[in-house]
Every structure is written in structure tokens, then in C-alpha cells.
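Protein chains in written order, with the numbering used here: chain A, 60 to 271; chain B, 3 to 211; chain C, 10 to 203.
Beta carbons: idealized from backbone N, C-alpha and C, even for Gly.
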Amino acid sequence: MSYLADVAALTRKDLRVELRARDTLPAMLLFVLSTLVVFHFALPEGAGDDAAYGLLWVAIVFTALLGLARAWVPEQEHGVLDGLVLAPCDRSAIWLGKTLATLAFLLAAQVVAIPAFVLFFAPLDATALAGVLLANVGICAVGSLMAAMAAAGRARELLLPLLLLPLAIPLVVGGMGAAISPDGGRFLLFLALYDAVFAVLSWASFEYVVTE
Amino acid sequence: MGVALVLALLVAPEDADQGISQRIFYIHVPIALTAYFCFGLGAWKALMLLWRGDSRYDLESYVAVHQGTIFGALTLITGSIWAKASWGVWWTWSSNQLVLFLVLFLFYCAYFMLRFSIEPGPRRERSSAVYALFGVVLIPVSFLAIRLAEDFIHPTVFTREGPQMTGTMFAAFCVSWAAVTLLAYVLYRVELLGKRLDVDLRELREALQ
Amino acid sequence: MIRARGIEKRYGRRRALAPVDLDVPRDAFLLVTGANGSGKTTLLRLLAGLAAPTRGSLDVGVDRARLGFLAHEPLVYRELTGVENLELFGRLYRVPERRERIGMLLERFGLWEARNERVSAFSRGMTQRLALCRALLHGPELLVLDEPYTALDEQGADLLDRALDELVGTRTFVVSTHEPKRVERLATARLALG
């Protein structure tokens, strides 16, 4: 399927660009670790595991925001986005390629962050981790689209968090529920629902955001 | 006409005669419903814009979202007053509707930030439209999330009560609802007309130069 | 091939392009001239399909796959090498015999030695030459070039002259430029904006 081949080519391109430029991923890693340390000092004595999970989710959302803020930068240098839009491929493939790449970066940051969290604060069971994975998909899917919209305007670094945070609230609820609720499955189902709905919506809308 | 019905709006709660808490209810709920409706209308116009590509829908969508945000803010304010009157606190996380409106209010405020950071043109129209669509999808998803969050985040301290309504009270409520809806409609038309006049005036000026 | 009636572009209050009529037959060479701000770039973007006209009707007889566009910006990734950039666009444009064609173009425009260097290391002239390769990669029927000579060095300009000489008559061209003298001889039609 040439659609998937296009997506693969685009994702590979993003991974390659990041490998060369090496600015986003190290920043995300450092940021999430520093944030966790800050949280240690921010949590009062005897706060309990639940509070720690809450902070984990804040850390995840803000780390994702950091990564997403840089997501479309390679396309803005030299106006490459126009070049991609001109190509005969489906414009939604551009979104999908970018989302998958951003997802990869977020996962890479979490590969370090999650063990660090478990070490510093509290254990995470399978349901909690599943919650993280599902929420990642949601954040990256919606985030890629919002980042593209923000990139069209001024003050894009300021705008992206404003656009994304309200949309991230259901994800935080889902993730927290997966981590601390005895009936975590319900929350995982909710996260899957969010992912399905918003990923499809983002996939379908991208075309309109990048064309005039 | 709008003025007459606003007066009717004030009269209806008087009839109900249940004290401040109930009176606010007669305004609060219709305002909330109207806000939902405005957001829905905004999303509908947005869909039309993306589908048909006619720029007229952009202004209509924007004005609808604008009205929705104003009514959303009013919902929060009246909701806060109601909370104070009913339970003695200005804010409570246990009122799902209030929390939902807070999230939506934040979302739609960001709509304006988005809109005014992009240069006028098709880009701005389309991005605004897509965002408005996201908003309307967010409403049920957020509601579900808030319901789910009840479990563990905020134990329900206050019972969520909708007042039991007798026939006359219900009638009063409906009058109130109609009045608020009409108010919203009038405001919508007025703002839309105003903005269209601005555009026409500008085009006229340019044509004369 | 291209038919435009009264196409106009506005961004809110700002009018970027005053109404234009065009008839460009196949294999013609349309030379677009005009001062800065007269709308040359906007017109070319409309023809390339990057923007839709606010008013008027526009019919460009080819789809995206057979259209090559050269913008003010090079439209190539800074962090990728010359070859990697062309590989990516080659894939997206489904260019047959990609490798050979890329090699041929790189050589044609004097970029073969630098092919494995990142674009960030290129000179401005080299970047523009790579942009030309990108525009020509898929053998488009319609070439829309926005001031192609602007960023080129002397060597690059000669290479472009040669390439145009070869292709003229077998492709349709719409070229905007500040220096009409360079391409005057090739033009079959002219449009002055502003």
C-alpha cells in the first residue's frame, strides 16, 4: 500500500532528522528527569503514592508538549512543508508520519522516565503502563495537529500548550484512573475511546489545516 | 422583542418564589444549555465551511463560538452563585456540569488565542473551524472523563440535586429557557450583522479608492 | 493547459493579487514580470495549487504528480543530505528508477560530489540547485518557477540555462523573474503584473 509506504518514508525522515540535529530528544529526557526531581521537593512528607502518580502524569504531558513544540520545526526551515503538501501523497500521511515519529520520541523519553519514576516514587503495574501507552497515542495524535495549527500563527510556543492542555485533561483522567483505580480496565477503555475518536478526527482534519 | 422576553425572564423566577438558589437555577441551566447550543452551532458552521468552502460560514462559526463562550462564562458565574447559595462555597469540584464548563471555557478561550494569532485568510478560517469541531467532540468526552474521575479524585461531598419541579415551576423554567435562547439568538444576529457590516464597509472603502 | 479568469487572492483585508486572466497552452513558456509586491509569488502559488483563489476560476490541466514548483524557499530539509532529500521526494512522487534519476540530476547540476553532505553545509547557490533538482525530479509536465535565478551563483545560472534550453518546447513553463533578459529568448508569452 503506497499510503503506508509514504508514511514510513516520512517517519523515517523525522527519525533521521532528529538523529542528526539531536536537540529534541535529549531535551525531553533531561526535562522529564529534572521534573521528577523537582516533584520530590514539591511533594510534602507522607503524600502517598496517589499524589506521585498525579505528578507523573503532569510530567508526561509537559514532556510531550516539549517534544511537540519542536515537531514541525524541520518543516518550517526552508519552507519544506509546502514541498510535502505539493507532493501527490495524501496530506493525512504527513500527519501520520509526524505522529508516529513524535510517539517514538515520547516513548524513548519514557523508557528512561518510567524506571526513574519507579525508583524515586512508586511502582507501576501493567494497567498503569498500558494507560501510559494509550495516552501517548492520544497526546501525539492530537498534539501533532495542534502543533501544525499553532505553527501557522505567531507566538507558536505560547499557543501550543493553550491548545493542547484542555484536550489533555481526559487523558490525564484516564491515565490516573488506570494507575490508581481498582477498576483500571474501565479507564483503559476510555483512553482507547479517546484515541480512536480524536485520532480519526485529527487524521481527517489535517488536510484542511495545511492547505488554503 | 428581546427586551420584552428578558423582562419575562425576570418575572418567571419571581413566580417561582423559592429563594435565590432556585431563582439562579432558572437562569443558570438555560444559560448552560444555550452555551452548549452555541458551541454546537459553531461546530456546525465550521463543518459547513470545511465542506462547502464558503467564507461566509467562517464569520458565522466565529460569532457562534463567541456567544457560546460568553454564555459559558455566565454559566460559570451563575453556577458559582448557585453553589454559594446552595452549599456556601464559591466553587465545588463535585458539580460535574461546572467542571465541564471550566474545561470548555479554557478550550474556547484558546480558540480566540488561536484565531487571533493567525493572519486573516483561508488558513485562519480552516484552523478555527477544525478547532471548533474538536471542541464539540470534547464536550461528551470530557463529560465522560469527569464522571469517571469522580471515583478517585473528588469524593462527592454534596449531593447533586436538581430541584423537583411542579407544573407551574416547570412552566416558569420553560419561559426562562425560551427567553435566554431568544436573547442568545438576538445577540448572535446583532454581532453577526455588525461584523458583516464592518466587512462590507471596508470593501466599499477600498472600491472607492 | 492553464486557464484562469479573474483570479484574485486576498488575505483578509490585504489584496495579494489583483484579478488576472490567463491562457497558457501546452508547451508554452510564460514569463511573468512585475515589481516586488505585485503578486508574482502569489500568482505562482495559485498556479501550483498551494493556495486557492479567493475569486475567479482557475483550471490547471495537470494534477500534483505532474507539477514541479520552485519557490523562494528551497523546500528541502536542512538536516538531510542532498541524496536523502531527493530520495524522500522521489518516493513521495513515485519516481521510477529513482536512484538513476537522482544521480543523473545531481550530476547535471554539479552536486554529485556534495551529495552526501547535509544541506546545512551547502552554500546558497548549491541549495537552490538542489531545489531545482527537486522540482525536476519527477519529470513534471508543468514547471512553475518563482525567480529561479535569484539565489544561483554564476555556475548554477549557466546550468539552469542549459537545462531550460533542453526542456523548453517539451514542457509548459511559468517563470517569474526580476531579470527578464536572461529568459527573454525562451518566452512565448509575457505577463506583466502590477
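Check, Outcome
"Would DSSP call B/I29 helix, strand or coil?", "helix"
"Answer yes or no: does any C-beta atom of chain A fall closer than 8 Å to that of C/L131?", "Reading off the sequence, residue 131 of chain C comes out as Phe, not Leu. No, C/F131 does not count as interfacial toward chain A."
"Between the C-alpha atoms of A/P241 and A/L217, what's the straight-line distance to the nearest angstrom?", "37 Å"
"Less than 8 Å between the C-beta atoms of C/T90 and C/R127, yes or no?", "yes"
"Check B/L76 in the structure and name its three-state DSSP category.", "helix"
"Suppose contacts are defined by Cβ-Cβ distances below 8 Å. Is A/F257 in contact with A/G190 by that definition?", "no"
"Note down, in chain order, all residues in the region 56 to 83 of chain C with a beta-carbon under 8 Å from any beta-carbon belonging to chain A.", "A57, G58, L59, A60, A61, D72, R73, A74, L76, F78, A80, H81, E82 and P83"
"By a C-beta neighbour count over all protein chains shown, 10 Å radius and 16 as the cutoff for buried, is A/E271 buried or exposed?", "buried"
"Do B/P122 and C/R22 have their C-beta atoms closer together than 8 Å?", "yes"
"Using a beta-carbon distance cut-off of less than 8 Å, what residues from the region 190 to 206 of chain B approach chain C?", "R204"
"If you draw a straight line from the C-alpha of A/A200 to the C-alpha of A/L69, how long is it?", "15 Å"
"Can you find a C-beta in chain B that's less than 8 Å from the C-beta of C/G46?", "no"
"Quick check on C/R22 - is its C-beta less than 8 Å from some C-beta in chain A?", "no"
"Start and end of the beta strand (DSSP E) containing A/S151?", "Here A/S151 belongs to no beta strand (DSSP E); instead the alpha helix (DSSP H) covers R150 to F179."
"Show which residues of chain A have a CB atom less than 8 Å away from the CB atom of C/V104.", "In chain order: nothing, as chain A lies at least about 11 Å away."
"Provide the residue span of the alpha helix (DSSP H) that contains A/D108, from first to last.", "D108 to A128"
"Please name the residues in the region 120 to 149 of chain B whose beta-carbon is closer than 9 Å to at least one beta-carbon of chain C, in chain order.", "E121, P122, G123, P124, R125 and R126"
"What do you get for C/R19, buried or exposed, if any count of 16 or more other CB atoms within 10 angstroms of its CB means buried?", "buried"
"For a test of your reading of the model: does the CB of C/G70 fall under 7 Å from any non-hydrogen atom of the ligand ADP? Yes or no.", "Absence of the ligand ADP from the depicted structure is noted, as is the absence of any ligand whatsoever, leaving it without description."
"At least one CB of chain A closer than 8 Å to the CB of C/F98: is that the case?", "yes"
"List the residues that DSSP assigns as beta-bridge partners of C/S185.", "C/V41 and C/D155"
"Are three or more beta carbon pairs between the region 72 to 92 of chain C and the region 140 to 148 of chain C nearer than 8 Å?", "yes"
"Which of helix, strand or coil does DSSP assign to C/A198?", "strand"
"Tell me whether the beta-carbon of C/L3 lies closer than 8 Å to the beta-carbon of C/V153.", "In the structure as shown, chain C starts at 10 and stops at 203, and residue 3 of chain C therefore has no counterpart that could be examined."
"Taking the runs of the beta strand (DSSP E) that are 3 residues or longer, which of them lie wholly in the region 40 to 105 of chain C?", "64 to 69 and 76 to 79"
"Taking the alpha-carbon of B/L108 as reference, which of A/A227, A/L114 and A/L166 has the nearest alpha-carbon?", "A/A227"
"Indicate whether the contact test is met: 3 or more Cβ pairs, each with one atom in the region 131 to 148 of chain B and one in the region 37 to 45 of chain B, closer than 8 Å.", "yes"
"Should B/W84 go down as buried or exposed, given a rule of 16 or more other Cβ atoms within 10 Å for buried?", "buried"
"Count the other CB atoms within 10 Å of the CB of B/P142; is the residue buried (16 or more) or exposed (fewer)?", "exposed"
"Return the chain-ordered list of same chain residues with a C-beta closer than 8 Å to the C-beta of A/A110, the five sequence neighbours on each side being excluded.", "L102"
"Three-state secondary structure (DSSP) at A/D73?", "helix"
"By the criterion of Cβ-Cβ separation under 8 Å, what are the contact partners of B/V105 in chain A?", "P225 and I228"
"Between which two residues does the beta strand (DSSP E) containing C/L31 stretch?", "R23 to V33"
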